[in-house]
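*Asks:* In our numbering, the protein residues as written are 4 to 264.
1) State the beta-bridge partners of residue 188 as determined by DSSP.
2) Less than 8 angstroms separating the beta-carbons of residue 253 and residue 152?
3) Since residue 252 is in the alpha helix (DSSP H), which residue starts that stretch and which ends it?
4) Identify the continuous alpha helix (DSSP H) that holds residue 66 and give its terminal residues.
5) Bridge partners for residue 3 per DSSP, in chain order?
6) Express the C-alpha separation of residue 149 and residue 140 in angstroms, rounding to a whole number.
7) Can you give me the Cβ contacts of residue 223 inside the same chain, cut-off strictly under 7 angstroms, excluding the 5 residues immediately before and after it?
8) Out of 66, 115, 48 and 17, point me to the one whose CA is closest to residue 160's CA.
9) Looking only at its own chain, which residues have a Cβ that is under 8 angstroms from the Cβ of residue 180, when we skip the five neighbours before and after it?
10) For residue 156, count neighbouring Cβ atoms within 10 angstroms of its own Cβ and tell me buried if that reaches 16, exposed if not.
11) Using CA coordinates, which residue listed in 56, 87, 86 and 113 is at the minimum distance from residue 73?
12) Would you identify the three-state DSSP class for residue 151, choosing helix, strand or coil?
13) Determine whether the beta carbon atoms of residue 68 and residue 26 lie at a separation below 8 angstroms.
14) For residue 342, I'd like the list of residues in its chain whose CB is within less than 8 angstroms of its CB, leaving aside the five on either flank, ordered along the chain.
15) Please state whether the Cβ-Cβ distance between residue 14 and residue 39 is less than 8 angstroms.
16) Please name the residue in 219, 100 and 218 whose C-alpha comes closest to that of residue 260.
17) In three-state terms, what does DSSP make of residue 62?
18) Please confirm whether residue 28 and residue 49 have their CB atoms less than 8 angstroms apart.
19) Looking at the secondary structure, which residues open and close the beta strand (DSSP E) in which residue 90 lies?
20) Report the residue from 24, 20 and 57 whose alpha carbon sits nearest the alpha carbon of residue 8.
21) Taking Cβ to Cβ, would you say residue 16 is nearer than 8 angstroms to residue 213?
22) Using a 10 Å radius around the Cβ and a threshold of 16 neighbouring Cβ atoms, would you call residue 262 buried or exposed?
23) So, using beta-carbon positions, are residue 94 and residue 166 closer together than 8 angstroms?
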């Protein structure tokens with residue numbers, strides 16, 4: 004089990020989607036929150052709502068995590084509020100879609116910086132907090148895109164494969180040190196993700212609600228699992244690469260994700 008009451012969870016990308024659903028679920032469990040994202044208006048509204056509804060403390064930190072030095076800026080802000088992090092949820096991230104050379108190089112660089120570099124840096128910055136009482140938790144949001152290369156989403160798929168590998172390595176390092184580590188691998192989820200991607204072709208299968216994804220994630224964390232693929236259909240899709248050649252699997256994925264225009 005994992006005791007949430009009176010602990011503090013830091014959630015990146017907390018202003019919408021899965022991050023917002025984590026905030027609601029954890030507040031209901033009487034967990035204090037540090038909400039991190041770029042949208043101050045949404046964060047303030049969410050913090051006020053959850054504080055009033057559940058009588059918890061919700062601290063807002065407005066920060067662009069894709070910029071250089073963001074992890075140290077985040078650590079400084081948390082320390083300035085005299086807070087310690089018991090549960091870290093690295094949820095912030097985004098995807099790009101299209102032929103690799105046609106997607107902005109700057110945008111893809113930001114994608115790597117947020118999905119990979121920021122996640123690693125933030126985890127490193129708060130690891131002393133998480134290990135402090137031998138009862139910490141770390142959830143890194145990966146994706147079912149981590150289980151095979153993803154044509155037309157090459158950078159996103161590679162970044163999420165990194166998150167899965169990195170998280171499972173930390174799980175193995177820390178499972179006897181009192182720190183629970185989970186890689187959360189959702190499939191298509193009913194969030195603004197595909198609006199940012201700019202194409203519904205990137206959506207494979209039926210979409211789960213963010214609330215369902217979070218419920219599965221917290222249950223898996225409590226069970227001490229190293230990763231969870233949220234949803235039975237998503238689990239089955241992620242197994243394709245185990246039973247067929249990489250060449251065959253890539254053909255299926257390429258046809259599925261191929262731009263329609």
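Every residue, glycine too, gets a C-beta built ideally from N, C-alpha and C.
*Replies:* A quick look at the data gives this:
1) As a working note, residue 188 is residue 185 in the chain shown. The partner list for residue 188 (beta bridge, DSSP) reads 232.
2) Your numbering for residue 253 matches position 250 in the chain shown. Your numbering for residue 152 matches position 149 in the chain shown. With respect to the 8 angstroms criterion, residue 253 and residue 152 are classified as neighbours on the basis of their beta carbons.
3) Position 249 of the chain shown, counting from 1, holds the residue named residue 252. Start and end: 249-260.
4) The residue you call residue 66 lines up with position 63 of the chain shown. Per DSSP, residue 66 belongs to no alpha helix (DSSP H) and is neither H nor E.
5) Residue coverage of the chain in this structure runs from 4 to 264, which leaves residue 3 outside it and unanswerable.
6) As a first step, residue 140 is located in the chain shown; it is residue number 137 there, counting from the start. As a first step, residue 149 is located in the chain shown; it is residue number 146 there, counting from the start. Taking the straight line from one Cα to the other gives about 22 angstroms.
7) Position 220 of the chain shown, counting from 1, holds the residue named residue 223. Shown here for residue 223: same chain residues with a beta carbon closer than 7 angstroms to its own, the five before and five after excluded, namely 185 and 231 in chain order.
8) The residue you call residue 160 lines up with position 157 of the chain shown. Comparing Cα positions, the closest option is 115.
9) Against the chain shown, residue 180 aligns to sequence position 177. Here the set comprises 134 and 137.
10) Position 153 of the chain shown, counted from the first residue, corresponds to residue 156. Buried is the call here.
11) On the chain shown, residue 73 is found 70 positions in, with the first residue counted as 1. Nearest neighbour of residue 73 by Cα position, chosen from 56, 87, 86 and 113, turns out to be 113.
12) As a first step, residue 151 is located in the chain shown; it is residue number 148 there, counting from the start. Note: residue 151 maps to coil in three-state DSSP.
13) Taking the chain shown and counting its residues from 1, the one referred to as residue 68 is at position 65. Taking the chain shown and counting its residues from 1, the one referred to as residue 26 is at position 23. Taking 8 angstroms as the cut-off, the beta carbon of residue 68 is found no closer than this to the beta carbon of residue 26.
14) Lying before the first or after the last residue shown, residue 342 is absent from the chain, which here runs from 4 to 264.
15) If you number the chain shown from 1, residue 14 lands on position 11. If you number the chain shown from 1, residue 39 lands on position 36. Cβ atoms of residue 14 and residue 39: closer than 8 angstroms.
16) Residue mapping note: residue 260 aligns to position 257 of the chain shown, counting from 1. Cα-wise, what sits closest to residue 260 is 100.
17) As a first step, residue 62 must be located in the chain shown, where it is residue number 59. Strand at residue 62.
18) The residue given as residue 28 occupies position 25 in the chain shown. The residue given as residue 49 occupies position 46 in the chain shown. No, the Cβ-Cβ distance between residue 28 and residue 49 is not below 8 angstroms.
19) For this step, residue 90 is matched to residue 87 along the chain shown. 90-93 is the span of the beta strand (DSSP E), which, as asked, contains residue 90.
20) Here the question's residue 8 lines up with position 5 in the chain shown. The shortest C-alpha separation from residue 8 is found at 57.
21) Numbered from 1 along the chain shown, position 13 holds the residue referred to as residue 16. Numbered from 1 along the chain shown, position 210 holds the residue referred to as residue 213. No. Outside cutoff.
22) Here residue 262 is taken as the residue at index 259 of the chain shown, counted from 1. Looking at its Cβ environment, which holds fewer than 16 other Cβ atoms inside 10 Å, residue 262 is exposed.
23) Numbered from 1 along the chain shown, position 91 holds the residue referred to as residue 94. Numbered from 1 along the chain shown, position 163 holds the residue referred to as residue 166. No. Outside cutoff.
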